[in-house]
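For the protein sequence lines, the chains are A and B, in the order given.
With this note's numbering applied, the first sequence closes on residue 1294, and no number is skipped along the way.
With this note's numbering applied, the second sequence closes on residue 1294, and no number is skipped along the way.
Number of protein chains: 2
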Amino acid sequence: MRWADGLIAVDWGTSNRRAYLLDASGSCVDEHEDSQGILSVPAGGFPAAIAEIRQRLGDQPLLLAGMIGSNRGWVEAPYVPCPAAIDDLAAALVRPSDREAIVPGVSYVGEGRADVMRGEEVQLLGAVADETIPPDALVCHPGTHNKWARVARGRIAEFRTVMTGELFNLLKEHSILADLLQPDVEPDDGAFRTGVDHGLTHDDIPAELFAVRARTLLGQAPHSSPASFTSGLLIGADLRIGLAGTVPAEVVVMGRPELTELYAAALAQAGIQARELDGERCFLAGIKAIAERIE
Amino acid sequence: MRWADGLIAVDWGTSNRRAYLLDASGSCVDEHEDSQGILSVPAGGFPAAIAEIRQRLGDQPLLLAGMIGSNRGWVEAPYVPCPAAIDDLAAALVRPSDREAIVPGVSYVGEGRADVMRGEEVQLLGAVADETIPPDALVCHPGTHNKWARVARGRIAEFRTVMTGELFNLLKEHSILADLLQPDVEPDDGAFRTGVDHGLTHDDIPAELFAVRARTLLGQAPHSSPASFTSGLLIGADLRIGLAGTVPAEVVVMGRPELTELYAAALAQAGIQARELDGERCFLAGIKAIAERIE
């Protein structure tokens, strides 16, 4: 089985999956996305879920990344500890069969902290492998769980997760703020900026969130959009935690464009230049680099 | 109608209600509690829901407090602004009929903040009225939305809400931490203390919450109970916000005993003496004081 002659790459998350058919040059020639995340696959159902991907995109070897390798996924792929390079990921692939390989996640333990990632490591090290980012960089990867990663000598040296996206979703779906946090017809840049400013300079999120409701009840809201304000508030606090008092020359912001745009705007507000990268492109670069290393 | 000759006091919240039959001396002689909070009462259903209380406890005048006076309740009772005394609450009662009165909530606007309470004001000013607390005090009222209130000259001078209880519940019910936050068979004091210490000294809640999961996955959790740790973490952060750098000689902690106990332990850890008061007793003291002021 020659992996670099063409394969299907799958970014298989908790609530959805994206599969890409890559030709021998690593170019994506077909793709498929659906909501069959790992939590929707019944016990013992992964072989069928994988067969379905091959039916759609062709009978190719599969390189799988993301939560598919977690203890809730198909076969667990133990974390590779930091510092982690692309070679380390390739060397620790878990092979359910000759025709499938699962990319391991990365873990960090140090400074009294512990952290894990699954999926982002392919993007981070993919961008290093194809020289989209230099071997030393600070990367911010927004999503449900934003990752701040320090890349040094081409390896993920350390990282920290801030669960900004999940907190915002919890508040929007289930909290006393739910009715105020429904998406805006038109995002309110002023409200977003006010929120970022507060989050960057205050450490009172559990109080300031309630104030969003109180201000509205009392007619004291300075902006029309509590959703934009709250998004800015949480992203500002995220930056405060991720930057930890440092002011780097540049932060690479990698992920879905609608999220990298928000983080880049917040970083600009903190006086820091952001370089936005499309996470999907970085993912495919990482998959290609790993595939080239498979015997 | 002579209110002080006996009445039914109702603490009517979002998800449940507690009704107390008080005799002419203000002593509670009967009570009823159920889960018929304001959100479970259908449109136009409050007269029937109130009739049901009278059927259970007797055909008495009703003094109603809590979310029943909000814009989602029966009849809206506009907020009384700080500084607010028991006389102010009594003067601003809203009377749907001669036989019912709704206690208003209290609002605060100042220092760029805005805040509201409904229900806690009866307890706070009740404890002042019957001299359980002195006219100048710092009160912490834990619950879904913890209130830090500064009482000055017997009035609520200012207050701030920290949504600790709601955040913990959101995480326990709906987040990636849900399975880790189910109640302990036996609370873990060491884990709670470690959490309080972190929350008191760090301002990284959105990151530290994710670390709860990561530590468990990596076998790095120093304690057996992530639920106790997370509870301590959020309460520690709550204290840091509520105390805002001050170290008062004493904090009055008022509310449900199982919550005041946790906050008192966390305050002790911060080197601050806590005085625990049962919220139900304070509520009845406040109702009695308001009833005495009704013409």
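Don't be surprised by glycine CBs; every beta carbon is placed ideally from N, CA and C.
What you are looking at is a predicted structure, and each value in this text was computed from that prediction instead of being measured.
- Residues of the region 1148 to 1173 of chain B that bring their beta carbon within less than 8 Å of a beta carbon in chain A comprise R1159, T1160, V1161, M1162, T1163, E1165, L1166, L1169, L1170, E1172 and H1173, in sequence order.
- A check of alpha carbon separations from T1013 (chain B) across B:I1067, B:L1020, B:I1286 and B:G1285 identifies B:I1067 as the nearest.
- Against A1236 (chain A), the close residues of chain B are P1205, in the order they occur along the chain (beta-carbon pairs closer than 7 Å).
- CA-to-CA, the gap between E1291 (chain A) and L1020 (chain A) works out to about 16 Å.
- P1221 (chain A) has its alpha-carbon roughly 14 Å from the corresponding atom of D1196 (chain A).
- Within chain B, not a single residue places a beta-carbon under 8 Å from that of A1008 (chain A); the smallest gap is close to 25 Å.
- Remark: C-beta atoms of C1027 (chain B) and G1125 (chain B) do not approach each other more closely than 7 Å.
- If you compare the alpha carbons of A:V1161, A:G1104, A:D1029 and A:Q1035 with that of G1065 (chain A), the shortest gap goes to A:G1104.
- Of all residues in the region 1179 to 1212 of chain A, the ones placed with a Cβ closer than 7 Å to any Cβ belonging to chain B are D1202, D1203, I1204, P1205, A1206, L1208, F1209 and A1210, in chain order.
- Interface residue (Cβ-Cβ distance to chain B less than 7 Å): I1037 (chain A) is not classified as such.
- Scanning its chain for C-beta atoms nearer than 7 Å, with the 5 sequence neighbours on each side dropped, one finds no residue around S1174 (chain B).
- Under the Cβ distance rule, S1106 (chain B) counts among the residues neighbouring chain A, one pair being separated by less than 7 Å.
- When only Cα atoms are considered, T1200 (chain A) and I1240 (chain A) end up about 11 Å apart.
- As the crow flies, the alpha-carbon of W1011 (chain A) is around 11 Å from that of S1039 (chain A).
- The C-alpha of I1052 (chain B) is placed about 19 Å away from the C-alpha of G1118 (chain B).
- For the pair P1095 (chain B) and V1108 (chain B), the CB atoms are not nearer than the 7 Å cut-off.
- Rounded to the nearest whole angstrom, the C-alpha separation of Q1268 (chain B) and S1069 (chain B) is 36 Å.
- Close partners of R1214 (chain A) in chain B (Cβ separation under 8 Å): A1113.
- Nearest neighbour of L1180 (chain A) by Cα position, chosen from A:C1139, A:G1164 and A:S1230, turns out to be A:S1230.
- Contact annotation for I1175 (chain B) against chain A: T1013, T1143, H1144, M1162 and E1165 [CB-CB distance below 9 Å, chain order].
- CA-to-CA, the gap between R1159 (chain B) and L1169 (chain B) works out to about 21 Å.
- DSSP lists A:K1146 as the bridge partner or partners of H1140 (chain A).
- Under a criterion of Cβ atoms nearer than 8 Å, the residues of chain A adjacent to Q1219 (chain B) are, in order, V1108 and A1113.
- The contact set of I1067 (chain B) on chain A, defined by CB atoms closer than 7 Å, is empty, because the minimum CB distance reaches about 16 Å.
- For E1279 (chain B), the enclosing alpha helix (DSSP H) starts and ends at G1278 to E1291.
- Taking a Cβ-Cβ threshold of 7 Å, the residues of chain A close to I1240 (chain B) are D1203, P1205 and A1206, in chain order.
- Under the DSSP assignment, D1087 (chain B) falls in the alpha helix (DSSP H) whose first and last residues are I1085 to A1090.
- By the Cβ test, the region 1040 to 1059 of chain A is not in contact with the region 1075 to 1088 of chain A, since fewer than three Cβ pairs between them sit closer than 8 Å.
- Under DSSP, G1065 (chain A) takes part in a beta bridge, and its partners are A:W1011.
- In this structure, G1111 (chain A) sits away from P1134 (chain A), with a CB-CB distance that is not shorter than 7 Å.
- When secondary structure is reduced to three states using DSSP, P1041 (chain B) falls in the coil class, being assigned neither helix nor strand.
- Ranked by how close their Cα comes to the Cα of F1228 (chain B), the residues B:G1254, B:Q1272 and B:F1167 have B:F1167 in first place.
- Taking every protein chain shown into account, the CB of A1047 (chain B) has fewer than 16 other CB atoms within 10 angstroms, so this residue is exposed.
- Beta-bridge partners assigned by DSSP to D1033 (chain A): A:R1016.
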